[in-house]
Structure formats: C-alpha cells, structure tokens
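**Student:** Chain order of the listed sequences is A and B. Be aware that the first sequence starts at 1492, since it is given in the working numbering, and climbs by one per residue. Be aware that the second sequence starts at 5, since it is given in the working numbering, and climbs by one per residue. We treat Cβ as the ideally placed atom computed from N, Cα and C, and that holds for glycine. Note that this is a predicted model, so its numbers are computed, not measured.
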Amino acid sequence: EAGVTQFPSHSVIEKGQTVTLRCDPISGHDNLYWYRRVMGKEIKFLLHFVKESKQDESGMPNNRFLAERTGGTYSTLKVQPAELEDSGVYFCASSQVRGRGNTEAFFGQGTRLTVV
Amino acid sequence: DAKTTQPTSMDCAEGRAANLPCNHSTISGNEYVYWYRQIHSQGPQYIIHGLKNNETNEMASLIITEDRKSSTLILPHATLRDTAVYYCIVRVPQGGDDKIIFGKGTRLHILP
C-alpha cells in the first residue's frame, strides 16, 4: 500500500511567484493535515481536513496560503505570492477517522520550498 | 494538548538500549502518549503510543508510570539509523481538536 506522497519534493521559486504543493493521502484516510518546518524551528501545524471540509485552519500563517481538498482525496496548498519567510519543509499527514482502526498519523516525505 | 518536557539531546552507544524520558505532568485521563521521530530529511514517523499500560512493538517499548505523569521510550538495541529527533506528544486521538502538536523533541545521537 502506498504511503502519503507529496509533490514536488523540492521547489525553488522567486519571491512573488506562486507555488502549489500537492499531497496524496493514504487511500481511505479521511483526515489530512498540513505542517511546516521553518529552518531551526519546530514543526508547526497549519490545518486539518476531514474529507473535503476544513476542520481546523488555525495554523495557517496568513491569507497568502490557500489549502483545498476537492472531493476529499488529494489536497493542494498554494502560496501566492510567496515571500522569503515561507521557505521551509512542508509536510502532509493522513489518518483514519475514529472507529476505523489505528489513529496514528502517517507523514509524507515533505516538500522543501525555497523562496529566493 | 498537554505540554510535554523532554531533554534537548542525548547520546547512546550503538547496540545499547536508548531510554528517552518524557514528562507530561498535566496529562488528562483521556489523553494518550504518542512518540514520533524525524530522521534527517524525512517526514515524521510514528513509533508507538499508549494510554496507561506499557506497550511494545517491533520498533520500541513504551513505559508509562502508574500516575501517567511521565513515560520512557526504549529503543532496545540502538543502531546508527536511529539517530533522529524524537517527539513525545500527548493527545486525544480523534478528539474535537485532533492535531499533533510537536514540541522541540530530543535529538538522539547514536555513537558508533
């Protein structure tokens, strides 16, 4: 069974440009999370989807970030326009909902975003 | 989620048991203890979790004190590949505010 996959693995863009990150969760996982790790800092929660609905987006840094999960399958995280401080590694995770097995979250390998 | 306290870093000799402590003195009755680790350049990886009983799986053992205010993750025979940052997290799985909150973790160095 495939794990959580993220694309691209690396992205280098100029300040002011737009970047879209994609996450494919494990099949059947209704919970999908986005996290970010900025250099030297802790891994920070961004938002949580349950199927296609945003359950919690309290960690989104500002309105330059837009996350979508149309159809409740894969998710995209768009940064527009990108700023230098957006550089970091963006992780996606997925998990089952309650009552359908283990509740641990599985993480993807991350997308390393560099804004220059 | 309740806060946890972990040492900043630890060293362990290869082949020996690595014991990583975690304090969670404000843990609630319905909160579980989870451990994750992040190996350099990879995504966080689930290790183990428990509520109050000790748990063991193919990766590690989790020892939770009777009062549940602290726990220890044990890697029985540490290898160089176990060098990583280890995170102790307490959460209510699938609770209303279900998200994993990462702290600073413990940076474990396995020494050859």
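Do A:V1607 and A:L1575 have their CB atoms nearer than 9 Å?
**Tutor:** Against a cut-off of 9 Å, the Cβ pair of A:L1575 and A:V1607 comes out as a contact.
**Student:** What residue range does the beta strand (DSSP E) around A:I1504 cover?
**Tutor:** Per DSSP, A:I1504 belongs to the beta strand (DSSP E) from 1501-1504.
**Student:** Determine the contact status of B:R111 and B:T9, defining contact as a CB-CB distance below 9 Å.
**Tutor:** No, they are not a contact pair.
**Student:** Judging by CA-CA distance, which residue of A:V1580, A:L1604, A:T1605 is the nearest neighbour of A:F1598?
**Tutor:** For the residues A:V1580, A:L1604, A:T1605, the minimum Cα distance to A:F1598 belongs to A:V1580.
**Student:** DSSP three-state call for B:R85: helix, strand or coil?
**Tutor:** Here B:R85 sits in helix by DSSP.
**Student:** Residues bridged to B:M14 by DSSP?
**Tutor:** Per DSSP, B:L112.
**Student:** Determine, using beta carbons only, whether A:A1573 and A:S1586 come nearer to each other than 9 Å.
**Tutor:** No. Outside cutoff.
**Student:** Grouping DSSP H, G and I as helix and E and B as strand, with all else coil, what is A:T1561?
**Tutor:** Helix, per DSSP.
**Student:** What does A:E1543 touch in chain B if you count any residue whose Cβ is under 8 Å from its own?
**Tutor:** Those do not exist, as A:E1543 stays about 17 Å from chain B at its closest Cβ, beyond 8 Å.
**Student:** With a 10 Å radius around its C-beta and 16 neighbouring C-beta atoms as the bar for buried, classify A:G1494 as buried or exposed.
**Tutor:** Exposed is the call here.
**Student:** At what residues does the beta strand (DSSP E) containing A:I1534 begin and finish?
**Tutor:** Unbroken beta strand (DSSP E) run through A:I1534: 1534-1541.
**Student:** Go ahead and label B:Q42 buried or exposed: buried means 16 or more other beta carbons lie within 10 angstroms of its beta carbon, across all protein chains shown.
**Tutor:** Classification of B:Q42: buried, given that the 10 Å Cβ count is 16 or more.
**Student:** For B:D102 and chain A, any beta-carbon pair shorter than 9 Å?
**Tutor:** Yes, contact with chain A.
**Student:** Hey, would you say the C-beta of A:R1560 is under 8 Å away from at least one heavy atom of the ligand FMN?
**Tutor:** Among the components of this structure there are no ligands whatsoever, and the ligand FMN is therefore not found.
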